[in-house]
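Visitor:
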Amino acid sequence: MKLYEMVFSPTGGTKKVADILAEAMGLERQIVDLTKRDTAFAEICLSPEDVCLAAVPSYGGRVPEAASARLGQIQGKGAKAVLVCVYGNRAYEDTLVELKDVMTEAGFFCAAAVSAVAEHSIARQFAAGRPDGDDEKELKEFAARIRPLLTGEAPAEEAEVPGNRPYRKLGVIPMHPEGGRECSGCGSCVKKCPVGAIPADNPAKTDVSLCISCMRCIKVCPRDARKLNKLMLAAVSQKLKKVCQEPKKNELFLGRFEGENGNS
C-alpha cells in the first residue's frame with residue numbers, strides 16, 4: 005500500500021494542507037506534482053490497495069483546468085481517494101464536486117473530502133498565516149479518523165460533497181504578473197509555470213491567453229522581479245474585503261453530506 009500525494013499548488017498553500025494530512029496518515033508516500041508540465045501522468049497507475057490524496061486550489065469556485073486534465077489521465081484502478089480543496093477564505097463553490105467527478109471518472113473511489121483555508125494567493129492579507137495551529141490540529145485528527153477507512157480496517161462509504169452540476173461558469177481574477185527592470189532573464193518562472201504562459205525568449209512577459217493567474221511566477225522569482233499591477237491589486241483587494249474578512253472554517257466530509265458545516 006502506498007499513499008500518492010497528488011498536489012497542484014503553485015504558491016504552496018495547497019501543499020501545506022496536503023502535507024499535514026498525508027504525514028498524519030503515516031503511510032509510505034509518493035508525491036506527484038501536478039504543476040510539472042513534463043510529467044507523463046497517463047503512465048501513473050495505482051492499485052486497489054493504494055490511497056490517493058488529491059489536493060487542488062479553488063480558482064473562481066472551480067478546479068484549475070490544468071489540474072483536472074492531469075488528474076484525469078491518472079489510472080485509479082479502484083484506489084481510495086481523499087479529495088482536498090484549498091481556498092483563500094472567499095468560497096470554494098463547485099470545486100469539490102468537480103474534483104470528485106474528475107477522480108471518479110479516473111477510476112478512484114472517493115472516500116473522504118476536505119475543504120481547507122490557506123492564504124489567498126493574490127490578496128495575501130486574507131487568511132494570512134493559515135493553515136495555522138488550530139487548522140493543523142483539526143486536519144491531523146481527521147487524518148487519524150479516516151486512516152482505517154483508507155487501509156481497509158473499517159468499511160468506507162462514498163463521500164458526498166456540496167456543489168452544483170452543471171458547475172458554475174469558469175472564471176478567475178484576470179491578474180497577469182509581468183517582470184520589471186529587476187528581471188535578469190534567468191528563466192526560473194519559465195520552467196516552473198504550470199501552463200507554459202511565460203515565453204522563454206522574453207521571461208519578463210506573460211502570454212495572457214495561457215496564464216491562469218496562479219501567481220507561481222511571483223513565488224519562484226529569485227529577484228522578486230515579477231509583480232502585479234498595483235492599482236488592479238488594490239481594486240481586487242477592496243472587492244474581496246467584504247467576503248474574505250471573516251475567517252472561514254475548514255469542512256470535513258465522510259459519507260453522506262449533512263448540512264452546511266460539512267460534517268457527517
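In terms of our numbering, the sequence shown is residues 5 to 268.
Cβ coordinates follow ideal geometry from the N, Cα and C atoms, glycine included.
Do you know offhand how far GLU32's Cα is from MET236's?
Guide: Each residue's Cα considered, the two are about 44 angstroms apart.
Visitor: What did DSSP end up calling GLU157 once you bin it into helix, strand or coil?
Guide: GLU157: coil per DSSP, three-state reduction.
Visitor: How close, in whole Å, do the beta carbons of THR18 and VAL60 come, if the pair is a contact with beta carbons under 8 angstroms?
Guide: The pair is a contact, with the Cβ atoms about 6 angstroms apart (cut-off 8 angstroms).
Visitor: Determine the DSSP secondary structure at ALA117, reduced to helix, strand or coil.
Guide: Strand at ALA117.
Visitor: Would you kindly work out how many angstroms separate the C-alpha atoms of TYR91 and ALA127, rounded to a whole number?
Guide: Distance between the alpha carbons of TYR91 and ALA127 is about 12 angstroms.
Visitor: Would you give the residue range spanned by the beta strand (DSSP E) that GLN249 belongs to?
Guide: Here GLN249 belongs to no beta strand (DSSP E), and DSSP marks it neither H nor E.
Visitor: Tell me which same chain residues have a C-beta within less than 7 angstroms of the C-beta of TYR171, skipping the five on either side of it?
Guide: Cβ within range, chain order: ARG66, ASP98, GLU102.
Visitor: Between the Cα of HIS124 and the Cα atoms of GLY259, LYS245, PHE257, LEU57, which residue gives the shortest distance?
Guide: The shortest C-alpha separation from HIS124 is found at LYS245.
Visitor: Which same chain residues, not among the five before or five after ALA229, have their C-beta less than 6 angstroms away from its C-beta?
Guide: Within the same chain, ALA229 has close Cβ partners GLY183, GLY184, GLU186, CYS187.
Visitor: To which residues of the same chain is GLY189 closer than 6 angstroms at the C-beta, ignoring the five residues directly before and after it?
Guide: PRO207.
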